[in-house]
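**Q**
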Amino acid sequence: MSQHRTPRSQLRRQRPSTYHTSFSTRLCLLLISIILIFYTPVNAAVISIRSSEAAISSGVADSAREREITVDRQRSSPLHSSVEEIQATADNNDLEDRPEERYNIALPEKHIKRADSSQISSRSTYSTSLESESFPTPFDGATFGSNFTSDSCPVFFENFLKNSTITSCHAVSLLLQNSQSWFHSLSSAAAISNNLDIACSAPMVLCTDILADLASRLISDDACGKDYKQGNPLVANAYAGMIAYQPMYRATCLKDPSTNSYCLSEAILNSTSITDYSIYFLPLGMNLPASGRATCNACLEATMQVFSEASESEGQPLTKTYIPAAEQLNLGCGPNYINTTIPIGSKQAIGAGSLISPNMPLVSYGFAFMLGMWLLGIL
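If you use the numbering used here, the sequence shown corresponds to residues 159 to 537, in order.
(1) Should Y435 be counted as a contact of the ligand ZN given a C-beta to heavy atom distance under 7 angstroms?
(2) At the level of alpha carbons, what is the spacing between N317 and A300?
(3) In this structure, how does DSSP classify S419 when only helix, strand and coil are distinguished?
(4) Give me whichever residues DSSP pairs with S471 in a beta bridge.
(5) Just how far apart, CA to CA, sit C354 and P361?
(6) What residue does the alpha helix (DSSP H) around L372 start on, and which one ends it?
(7) What residue range is occupied by the uninterrupted alpha helix (DSSP H) comprising N317?
(8) Beta carbon of V363, beta carbon of A409: below 8 angstroms?
(9) Within the same chain, show all residues whose beta-carbon is closer than 8 angstroms to that of Q404, passing over the 5 residues directly before and after it, in chain order.
(10) With a threshold of 16 other CB atoms inside 10 Å of the CB of S429, please say whether the residue is buried or exposed.
(11) Do T479 and L422 have their C-beta atoms within less than 8 angstroms of each other?
(12) Could you tell me the alpha carbon to alpha carbon distance between Q388 and P415, rounded to whole angstroms?
(13) Pick helix, strand or coil for D379, following the three-state DSSP scheme.
(14) Does the segment 432-439 come close enough to the segment 390-402 to have 3 or more Cβ pairs within less than 8 angstroms?
(15) Touching or not, the segment 371-389 and the segment 326-341, by the rule of three or more beta carbon pairs under 8 angstroms?
(16) Can you pull the DSSP bridge partners for D414?
(17) In angstroms, rounded to a whole number, what distance separates the CA positions of F315 and P493?
(18) Using 8 angstroms for Cβ pairs, my map puts T498 next to I481. What's the rounded Cβ distance?
(19) Roughly how many angstroms separate the alpha carbons of D309 and T295, rounded to a whole number?
(20) In three-state terms, what does DSSP make of S337?
(21) Going by C-alpha to C-alpha distance, which of L489, Q474, I496, D379 sits closest to I502?
(22) Whole-angstrom Cβ separation of I356 and H328, contact assumed at under 8 angstroms?
(23) Can you look up F439 in the DSSP assignment and give me helix, strand or coil?
(24) Looking at the unbroken alpha helix (DSSP H) that takes in T498, where does it start and where does it end?
(25) Kindly give me the distance between the Cβ atoms of L376 and M406, rounded to whole angstroms, as I take these residues to be in contact under 8 angstroms.
(26) Output the distance between the C-alpha atoms of S331 and I426, rounded to the nearest integer angstrom.
(27) Hey, how far is the Cα of C491 from the Cα of A484?
(28) Going by alpha carbons, who is nearest to Y438 out of T325, L476, N321?
(29) Can you say whether L489 is buried or exposed, counting buried as having 16 or more other CB atoms within 10 angstroms of its CB?
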């Protein structure tokens, strides 16, 4: 029996059709890859707090430990070659297990009613054995009635100040300029130490993202944007305290192993040098006083190293205050005592997902590479 074969003429007619379909499909895919390459990097520059929320809820807790801050010295130091490891030991499982209960600031409307305290769940705070009821409160001496030009701003302040998740971060950065209760606690070494124990038990990475997001909301048009643009000191201080949370946390949680005291506590209680305490106002955008000298010790070096690293991040007040302070300190402590060769503002802003956002340009390039290999018939 003879086998039926397709005539060669039909085969020739079929090939162009098959090739044409394949070429069209591949051309479309190639165009898609080109669009991804040029479009994605531009949009990747926009940092979304939404992506950070998902990452936080899925397991950022083990990143809440701040590792050892290494101090590079050319001379001997009572802190040896490093500063005591800073740890945030708080248990924030409640935050991880209930991402839907993450803080929610009700932006006042024309349209928005004030956030009811019952809407803010106490379960959204991390648990700690430390007694924090006596922890100082930011803006405890402020009156929000007549200090603002917009009606939305005082409502925003009142809402975030009573939000238990935000207050559980115990941000020292919000206290230095804005808290009467903090000021009154400075005469007692025990009170200072207790306050810092509480503040340093907060999960730094999580609170950094929370406060960075809060800062962006603060200066939005729906909240305090108008007052911020007009230089309202309350709004300016709040914004500085929010974005400076991370460097302030790292600096104020440093301990001197030789005394087991917080470096900040030693600076506050040092009656011979007011400049020691003034160092901690640098992350808030305040310069050192022209007169007076700081104590040239290992705590100063370690603190300024923390600030030098933060000054590399875009948007930090330290981008304006670090270099002048370092140069001034070097006049009293010796040339090159504090590093002044810092690439100021050269890195991505701290917080708002900057530590955990995916590298979208890399993702798009990887996709385009794989697609190209497929087009060439390698895959």
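Beta carbons are placed, not taken as given, at the ideal position from N, Cα and C, and that holds for glycine.
Because the structure is a prediction, the values reported are computed rather than measured.
**A** So, from the data block:
(1) The model depicted lacks the ligand ZN and carries no ligand whatsoever.
(2) 14 angstroms
(3) strand
(4) K505
(5) At residue 354 the sequence reads Leu, which differs from the Cys that was named. Looking at the two C-alpha atoms, the distance is approximately 13 angstroms.
(6) Start and end: 362-376.
(7) 310-319
(8) no
(9) M362, T366, A468, I508, G509
(10) exposed
(11) no
(12) So the two alpha carbons sit approximately 45 angstroms from each other.
(13) coil
(14) Contact fails between the segment 432-439 and the segment 390-402, because fewer than three Cβ pairs, one in each stretch, are under 8 angstroms apart.
(15) Counting Cβ pairs under 8 angstroms, fewer than three are found: no touch.
(16) By DSSP's assignment, D414 forms a beta bridge with S419.
(17) Each residue's alpha carbon lies about 44 angstroms from the other.
(18) A Cβ-Cβ distance of about 6 angstroms is found for the pair T498 and I481, placing them in contact under the 8 angstroms criterion.
(19) About 23 angstroms.
(20) coil
(21) Ranking L489, Q474, I496, D379 by Cα distance to I502 puts Q474 first.
(22) 5 angstroms
(23) If DSSP states are grouped into helix, strand and coil, F439 belongs with the helices.
(24) That residue, T498, is in no alpha helix (DSSP H); it is neither H nor E in DSSP.
(25) Not confirmed; about 17 angstroms, so no contact.
(26) 15 angstroms
(27) Using only the alpha carbons, I get a separation of about 10 angstroms.
(28) The residue from T325, L476, N321 with its alpha-carbon nearest to that of Y438 is L476.
(29) exposed
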